[in-house]
Every structure is written in structure tokens, then in C-alpha cells.
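To keep things clear, I will list the structure first and then write my remarks on it.
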Amino acid sequence: MANLKELRVRIGSIKNTRKITAAMSRIAAARLSKAQHAILAARPYGAGLRGMVQDLLDAVPAMDRPQVHPLLRDDPRRCVWVVAMNADRGLCGGFNANVHKVASKMLDELDAEGVDVRLVCVGRKAQAYFSHFGRPILRFFSAPEPATVEGLAPEVARYLADAFCGRLEDDDVPQPDEIRLVSNRFVSVLTQEVRTEILLPVTRREGEARETPPPRAEPSEIELLRHLLPVYVENEVREAMLDSMAGEVAARRMAMDAATDNATELIADLTLEYNRERQAAITKELMEIIGGAEALAG
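Once you know that position 142 of the sequence shown is 195 in the numbering used here, the rest is easy, because the numbers rise by one and skip nothing.
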């Protein structure tokens, strides 16, 4: 009977866990629609802004770009900052681990090249992971939330842009020659891809050659480019945050759905085992009663 009691306790525990995972799945499903709408609505603006900046870059000779704006500085790569962006919480499958894997590989490769590498973390899971493995973290930001993303994106973008332009007041922080961003991109509810991009310096991206002449701008292409570059960097950070938020919610929903299904299967298996043990115990008691009665009759 002790075995039956253990099975009852275990079944009850798994049922409680299933209630939690099912509730978390429903919460994630409710948040997913809003997060998905936010990133899908932001992408057209981001694509248009990127196209405009690329067109304006074509109007400026490559050798003159550093004089137009410090964000276009293209110096030899001596110091690289890697920005790892993921979540503050877990229970979302491989969402956080995938960013850790790609960022760790990038850091190791840059170390092997003899580059001075510095790490910036957006999300507590990234901070905890790299701190555990002894990686110094230059700056930490909390992961974006729907209520904080509009304030957090400008803060992160401003910090990175000031660092790249050498405007930080901290003399112990080296000026980066390149800033890379590692984050999840929301593809669909079932798929999130880890993407890496060079956030700074702003350069022409490969495969974006224009078939038509670039548009003319007033008062000049250079003035418009100077105005748009900080806006461009801020929007790249904001779009990455929106992608990360949508990907996290989608990954958590899928992980909690899978956990709920697994709990249901485990409960069914344990219930079957419990019924078998209970039937065996009842049969044993009946045999003992019958045996005792026969002994008394004989």
C-alpha cells in the first residue's frame, strides 16, 4: 500500500504542475497576438528607413563618410562590442540558450583573433549565463517588456552610439570599432532564428544594390543622412527588441504546450500503473481471506 500512496502523491503533484503549465500557456497565447502585431507593424517602417539610409550612403563617397558623421567611422577592428539580447525569464525552450551558444562562439572567435572583446547584456538570462562562465559584462540592461520597450530602446541605442563615437565619460570603457548584435528574430509562432548583425558602423549592406537612381533630398543628402543615422540606430535596436519579445512569448507558449501534453501523458501512464497495483493488492487480500476461510473450515 505504500507504493499506492507514492503513486497517488506523484499523480497529484503532476496534476498541479499541469495546471501551472496550462495557465502559463494561456497567458503566453494572450500576449502573443499583441507582440506579434507589434513586430509585424514595425517591420515596414524599418525596411523603409534602412532603404533610405542605404540610398543616402550611395550619395556620399566612401572616403568622405567618416567626416559626415562619427557613426560612419570605419577604423581597423581593434575593439569589438558584442550585445547579447534575450529574456529575463526562462521556461521558453531553447530561446535563451540559442543566443548564448551563438554569442559564446562569436566571443571565442574574436578572442582567437586577438581582438579586444567587450560584452553588453540585454536580459537577465544572458547576464547570468556569461557571469557563470567568468565573462566580464561591460553593461547590463533588463530585457524589454511591452511597457518599457519605448523607453529602453532609445537608452540602449544612445549608450551604444555614444560609446562608438567616443562620447562616454567613463575612461575605463574602451571605444569600440565595431558593435555586433546577437538576438532572436521572430519568424513564426513555431520558429525563432538567432540573427547576428553589425549594428555599428553603419555601412552599405551586401546584396542591396539599387537598380534606380537614388532620390534627391533637400537641403542635401548629407544633412538628411546626419539627421537619420541616430534614428536608424535607435530603430534597429527597437526592432530587435520587438522581435525578441515576440519570439520569447511564442517560444514560451510552445514550451508550455509541450510540457502540458507531457504531463497529461505521464498522468495517464501513472494512473494505469496505480490501477494495476491497486487491483493486485485487492486480489492479494481476497486470496488471503479465502485461504483463511478454507483453513478454518478444514
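Every residue, glycine too, gets a C-beta built ideally from N, C-alpha and C.
CA nearest to the CA of Leu102, picked from Pro283, Lys68, Ala312, Ile80: Pro283
What first and last residue would you give for the alpha helix (DSSP H) that runs through Asn237? Annotation for Asn237: no alpha helix (DSSP H) segment contains it, though the beta strand (DSSP E) segment containing it runs 231–239.
Name the DSSP beta bridge partners of Thr324, please? Answer by DSSP bridge pairing: none, since Thr324 is not bridged.
In the structure shown, what three-state DSSP assignment does Ser96 receive? This sequence places Arg at residue 96; Ser is not what is there. Arg96 falls in the helix class under three-state DSSP.
Locate the alpha helix (DSSP H) running through Phe148, then write down its first and last residues. 148–165
Return the first residue and the last residue of the alpha helix (DSSP H) that Leu205 is part of. 202–218
Classify Arg71 as helix, strand or coil using the three-state DSSP reduction. Correct three-state label for Arg71: helix.
Considering only residues of the same chain and omitting the five flanking positions on each side of Asp127, which have a CB-CB separation below 6 Å? Pro254
Nearest-angstrom Cβ-Cβ length linking Leu205 and Met294, presumed shorter than 8 Å: 7 Å
Please classify Ile335 as buried or exposed, where buried requires at least 16 neighbouring CB atoms within 10 angstroms. exposed
Measure from the alpha carbon of Glu287 to the alpha carbon of each residue in Lys68, Ala156, Leu124, then state which is nearest. Leu124
Taking its Cβ as the centre, do 16 or more other Cβ atoms sit within 10 Å of Leu213, making it buried, or is it exposed? With 16 or more other Cβ atoms within 10 Å, it is buried.
Just tell me which of Asn328, Asp117, Asn237, Arg96 has its CA closest to the CA of Arg61. Asn328
Run of the beta strand (DSSP E) containing Val247, from where it starts to where it stops: According to the DSSP assignment, Val247 belongs to the beta strand (DSSP E) that extends over 245–253.
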